[in-house]
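Have a look at the structure below, then the notes.
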Amino acid sequence: MAESSKAKRTRARSTVPRKTVAAKTGAAKKPRQKRVSKKISPEPQVLQQAVQNIPQEKSRIEESKHYAGPVIQKFFEDKGYELPAGYGDVRITLMVRDPYWLHAYWEIADWKLDELRSMMGQDNFSRSKKILRVYDVTDINFTGVNANRSYDIDISHDARNWYINPGDPNRSYCVDLGFLDQRGKFYVAARSNIVSTPRDGMSDVIDEEWLTIDWERMYALSGGFGIGRSSGEIKELLKKRLREEMSSGFMGWSGSITARPEKAKDFWLVANTELIVYGATEPDAKLTIQGLPVKLRHDGTFSMRFALPDGRQEIPIEAVNKQGDLKRSIHKTVEKRTK
Amino acid sequence: MEKGYLSLVLHAHLPFVRHPEFHDFMEEDWLYEAITETYIPLINVFEGLIKDNVPFKITVSFSPTLLAMLRDSLLQDRYIEHINKLIELSYKEIERTRFEPQFNSLAHMYKDKFENARHVFVDKYQKDLTKAFKYFNDSGSVEIITCGATHGFLPLMEVNPAAAKAQIKVAAAYFREVFGKSSLGLWLPECGFQPGHDKFLTEEGIRYFFTDTHGVLHASPRPKYGVFAPIYTKNGVAAFGRDVESSKAVWSAKEGYPGDPVYRDFYRDVGFDLDFDYIKPYIHSDGLRINTGIKYYKITGLTDHKEPYNRHWAVEKAAEHAGNFLFNRQKQVEFLHEYMQKKPIIVSPYDAELYGHWWFEGPDWLNFLIRKAAYDQDTIRLTTPAQYLEENPRNQVSTPSMSSWGWKGYSEYWLEGSNDWIYRYLHKAAERMVELANAYKTASGLVERALKQAARELVLAQASDWAFIMKTGTVVQYAVKRTKDHIERFTKLYDMIKSGNIDEGWLADIESKDNLFPNIDFRVYCT
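Protein chains in written order, with the numbering used here: chain A, 71 to 409; chain B, 125 to 651.
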């Protein structure tokens, strides 16, 4: 375990399964995802647990759309465009995922690496570590040296993005991507935008004009979980709900493609029966089956298809000629039993 | 005199899916199904209420992409083809189920439903359902509001606020184009709120938006009334927080109404159940079995053995559930009124497509609920946020917390291992769009056309749906392709505009494909 001059950090790889996307294309090829957590953070377990908690129902509905179908393939055959691996930028961009996690992606163009290499010296550069230095810049005008605190994350050389877990909600952060040499000197390649994480509970700020006697109770009531529960309990329930309830546009109609729920058993059989009654008469005759009129084809033929349930079906077929003075009838009885 | 308010909000959204280059494109079915199963049933409910002079208030948000599709003549004509085939199938089903009365009556029900859909679509509204909603909006009972231009998830655009601002400005302008007036409110896509974006809403004259429960509850300073009163942001826009209890009653897979055994089962569809040769003309043209919309079974229970659906019992149950919902809201409001010494507002937002498409009896439930609210009680009055604000103009000033109504309440659904790769491209494109808009502010003619198309491609790439699909793992390939296509088209336009060498033939081709927002103003990206 390497030690930075700033702080010791343990590295924890998340076991949350990750999908890779469109591995064929250069740009969409994903660098390995890692979550690096500080020791104090309780979050990885919570997050993993949450991932496992995605309700069965939801997964089932979602999976029902997997199959894209043969005709769609034509749509995908056009492989003209590959996203570029980069834009020749020197940049790191920070985004907020939730109160505890940030995400950074970056691009350091070759010219910048060359510049750093010559500044640091080839040997020094190649023995240096690529790190993310995470600064807490809450309520300050960050100059690069006045952060409230900071810590380093070792990252692999080929990584292009990272999930960062500074842990504290309702704080502002900035991240430098750079190289830490063996003497502990840090060379910045790019500095990110500043982002603020949301708070994960009630605000500490109270407006005197809008006071209430029991904040916890109002919080509880807004959570809708009944009266008299402690706020801790309510927060848990609220969190639980947030995890369980994934309410979004696609839920309502996502079953529309191959919408079969999975069969509970490995092997199954379904058999149904239908009955086809067909025949012919004079093209201008009037025909009824079970007393209901049937439309004849131009040549006088007809064909009817019926779902055939168990039991006995009486099927009288009657034809009357155009003049209405001649009549023919056939009576069929069909019996079906299922064992 | 009422003791509180109930604000029902339906959010209608579909991503822009329109492929003139293919005759039978499966993802377009999303729209056709939603028209038959959700939008037309809702139109029928609202028309009925207005016809019967039932006093009611409800809010419906429409994403601009959905409005654009509803107004698109190609998709309109394709819908007519679609519904005609369903009508044909329903006639065959009436014949086929003759020996089975319980199914036969359902076949008749579907025939009536599909014929009614065609009637409403073709005869009443001349293929353009936005006319229906304009009529409702003008009637005053239904408050129609806008959303983000393409349902882009705004908090993840924070690195370049001009991108978020443009999503809002384009949406607000398109709303005025369709409905002839300004939108009073805005449904933030996925309820994704980022402090600071409220300023963009103010600029468009938008008076309110919604957040999930914790958006308001974790606002600062502490909101005195929790989620039962709106708060004003510093920019003077009101934020309404979602009520948990009423949400759960409908949304929850376990405890929610839609899971009741007598309701219609979503999965058992004749598209899968019937003999291939028979059903072939009504499924995908390549023989892939898909849902047709004709479903004969009820949920029954946790079993593979499904019982036939009984419409009568299901409607009874919907009425019962509406009564139950209203009763619970009355109790909630009575208690809160006493506790707060003020009339609480219960905000209950749902995805519109839940009603009818997923929960077949949802529109019936809504109809019963609104009628019962009007005639069976006077504890609660239905309201819309705009009306509430008119009657209750004094509210606490507080900044909502960044939040969304997605899984876990923040941005994770749209920012995780499956989809995080898209943001470097989306952000770059947005940055370039700002650069173009600033540099070519005064452009006209072909350059302006190219700039407008670049703005369209950017907003299409930003649709939250693509990241969402990548995460759900459903039609991932399609979502990846759409993201790449729009980025590609954007990049090509960017290069052409910069080099002064615009290929007009190619531009005309993508203008005809990605044809939404004909009057889009690329200058919304100027900084």
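Glycine included, C-beta positions come from ideal geometry on N, C-alpha and C.
What whole-angstrom Cβ distance do D393/B and K419/B have, given they're in contact under 8 angstroms? The residue given as residue 393/B occupies position 269 in the second sequence. The residue given as residue 419/B occupies position 295 in the second sequence. That pair is a contact at about 5 angstroms.
CB of T163/A within 8 angstroms of CB of Y175/A, strictly: Along the first sequence, read from residue 1 onward, the residue named residue 163/A stands at position 93. Along the first sequence, read from residue 1 onward, the residue named residue 175/A stands at position 105. Taking 8 angstroms as the Cβ cut-off, T163/A and Y175/A qualify as a contacting pair.
Within-8 angstroms CB hit, L631/B to chain A: Start at 1 with the first residue of the second sequence, and residue 631/B comes out as number 507. Closer than 8 angstroms: no.
Jot down the residue ranges of each uninterrupted alpha helix (DSSP H) in the region 551-605 of chain B, minimum 4 residues, whole runs only, in chain order. 569-585 and 588-596
Go ahead and label F337/A buried or exposed: buried means 16 or more other beta carbons lie within 10 angstroms of its beta carbon, across all protein chains shown. Numbered from 1 along the first sequence, position 267 holds the residue referred to as residue 337/A. Under this definition F337/A is an exposed residue.
Beta-carbon proximity of P165/B to P487/B, cut-off 8 angstroms: Residue 165/B sits at position 41 when you count from the first residue of the second sequence. Residue 487/B sits at position 363 when you count from the first residue of the second sequence. Contact flag set, yes.
What residues from the region 542-553 of chain B come within 8 angstroms of chain A, judged by C-beta to C-beta, listed N to C? S542, N543, D544, W545, Y547, R548, Y549, H551 and K552
Contacts around V294/B, its chain only, beta-carbon distance under 8 angstroms, and the 5 residues preceding and following it disregarded: On the second sequence, position 170 is the one that residue 294/B refers to. Counting only Cβ-Cβ distances below 8 angstroms, and skipping sequence neighbours, we find P188, A273, A579, V583, F641, I644, D645 and V648.
So is A341/A buried or exposed if we call it buried at 16+ other beta carbons inside 10 Å? Counting from 1 along the first sequence, the entry for residue 341/A is found at position 271. Exposed, because fewer than 16 other Cβ atoms sit within 10 Å of the Cβ of A341/A.
So what's C315/B in DSSP terms, helix, strand or just coil? Within the second sequence, the letter at position 191 stands for residue 315/B. C315/B: helix per DSSP, three-state reduction.
Between the Cα of I178/A and those of K200/A, Y348/A and T403/A, spot the shortest distance and give me the residue it belongs to. As a first step, residue 178/A is located in the first sequence; it is residue number 108 there, counting from the start. For I178/A, the nearest C-alpha among the options comes from K200/A.
Taking 8 angstroms as the limit between beta carbons, can you name the residues of its chain near P363/A, skipping five residues before and five after? Counting from one through the first sequence, the residue named residue 363/A turns up at place 293. Excluding sequence neighbours, P363/A sits near K356 and L357.
Could you tell me which uninterrupted alpha helix (DSSP H) segments, each at least 4 residues in length, are contained entirely in the region 154-238 of chain B, listed from first to last along the chain? 164-175, 188-194 and 197-220
Report yes if the C-beta of I407/B is less than 7 angstroms from at least one heavy atom of the ligand COA; otherwise report no. What this structure holds is no ligand at all, so the ligand COA is not there to describe.
Can you confirm whether A92/A, when its beta carbon is compared against all beta carbons of chain B, has any partner nearer than 8 angstroms? By one-based count along the first sequence, residue 92/A stands at place 22. Residue confidence for A92/A is low, a pLDDT of 34 falling below 50, so the modelled location carries little weight; the figure read from the coordinates is stated next. For A92/A, the answer is yes, since a Cβ of chain B falls inside 8 angstroms of its Cβ.
Distance check for E171/B and K608/B, CA to CA, integer angstroms please. For the purposes of this step, residue 608/B is identified with residue 484 of the second sequence, where counting begins at 1. For the purposes of this step, residue 171/B is identified with residue 47 of the second sequence, where counting begins at 1. Those two C-alpha atoms are separated by around 42 angstroms.
Mapping the DSSP letters down to three states, classify D193/A as helix, strand or coil. Within the first sequence, residue 193/A is the residue found at index 123, counting from 1. Note: D193/A maps to helix in three-state DSSP.
So, for L134/B: in the same chain, excluding its five sequence neighbours on each side, which residues have a beta-carbon less than 8 angstroms away from its beta-carbon? Walking along the second sequence from the start, residue 134/B turns up at place 10. The answer, listed in chain order, is L166, I182, T183, V184, S185, P473, Y474, D475, A476 and Y479.
What are the residues in the region 373-387 of chain A lying within 7 angstroms of chain B by C-beta distance? M374, R375, F376, A377, L378, P379 and Q383
Beta-ladder partner(s) of G248/A, from DSSP: Counted from its first residue, the first sequence places residue 248/A at position 178. Looking at the DSSP assignment, G248/A forms a beta bridge with I201/A and V258/A.
Same chain, Cβ closer than 8 angstroms to E628/B, five either side skipped, listed in chain order: Residue 628/B sits at position 504 when you count from the first residue of the second sequence. L570.
Closest to I207/B by C-alpha separation, out of F245/B, A363/B and D196/B, would be which residue? Residue numbering aside, residue 207/B sits at position 83 when the second sequence is read from its first letter. Minimum Cα distance to I207/B is reached at F245/B.
Counting only beta-carbon atoms, is E352/A nearer than 8 angstroms to chain B? Sequence index remark: in the first sequence, residue 352/A carries index 282 (1-based). Cβ-Cβ to chain B under 8 angstroms: no for E352/A.
Using DSSP with H/G/I as helix, E/B as strand and the rest coil, what is L325/B? As a position in the second sequence, residue 325/B is number 201, starting the count at 1. Helix at L325/B.
Since E157/B and G417/B are thought to touch, with beta carbons under 8 angstroms apart, how far apart are those beta carbons, to the nearest angstrom? Within the second sequence, residue 157/B is the residue found at index 33, counting from 1. Within the second sequence, residue 417/B is the residue found at index 293, counting from 1. The pair is a contact, with the Cβ atoms about 6 angstroms apart (cut-off 8 angstroms).
Determine, using beta carbons only, whether A510/B and L308/B come nearer to each other than 8 angstroms. Translated into the one-based positions of the second sequence, residue 510/B becomes position 386. Translated into the one-based positions of the second sequence, residue 308/B becomes position 184. Going by C-beta atoms, A510/B is nearer than 8 angstroms to L308/B.
Using DSSP with H/G/I as helix, E/B as strand and the rest coil, what is R453/B? Counting from 1 along the second sequence, the entry for residue 453/B is found at position 329. In the structure shown, R453/B sits in a helix (DSSP, three-state: H, G or I).
Quickly, what does DSSP pair P473/B with across the bridge? List them, please. Position 349 of the second sequence holds residue 473/B. Bridge partners of P473/B: V133/B.
The alpha helix (DSSP H) spanning D401/B covers which residue range? Taking the second sequence and counting its residues from 1, one reaches residue 401/B at position 277. Its alpha helix (DSSP H) spans residues F400 to I403.
Could you check whether A363/B and I469/B sit closer than 8 angstroms to each other, using their CB atoms as the reference points? Stepping through the second sequence from its first residue, residue 469/B is reached at position 345. Stepping through the second sequence from its first residue, residue 363/B is reached at position 239. No. Outside cutoff.
Under 7 angstroms between beta-carbons, which chain B residues line up against H173/A? List them in chain order, please. Residue numbering aside, residue 173/A sits at position 103 when the first sequence is read from its first letter. Ordered by position in chain B, the residues that pass the 7 angstroms Cβ test against H173/A are L539 and D544.
Neighbour list for Q252/A in chain B, Cβ cutoff strictly below 9 angstroms: For the purposes of this step, residue 252/A is taken as residue 182 along the first sequence, with counting starting at 1. In chain order: nothing, as chain B lies at least about 31 angstroms away.
Would you verify that the beta carbon of I407/B is, or is not, closer than 8 angstroms to some beta carbon of chain A? For this step, residue 407/B is matched to residue 283 along the second sequence. No, I407/B does not count as interfacial toward chain A.
Step through the CB atoms of chain B and report whether any lies within less than 8 angstroms of the CB of M165/A. The sequence position of residue 165/A within the first sequence is 95, counting from 1. It does: the Cβ of M165/A has a partner Cβ on chain B nearer than 8 angstroms.
Taking only beta-carbon atoms, is G271/A less than 8 angstroms away from chain B? Position 201 of the first sequence, counting from 1, holds the residue named residue 271/A. Yes, because at least one Cβ of chain B sits closer than 8 angstroms to the Cβ of G271/A.
Inter-stretch contact (C-beta, 8 angstroms, three-pair minimum) for the region 323-330 of chain B and the region 288-304 of chain B: yes
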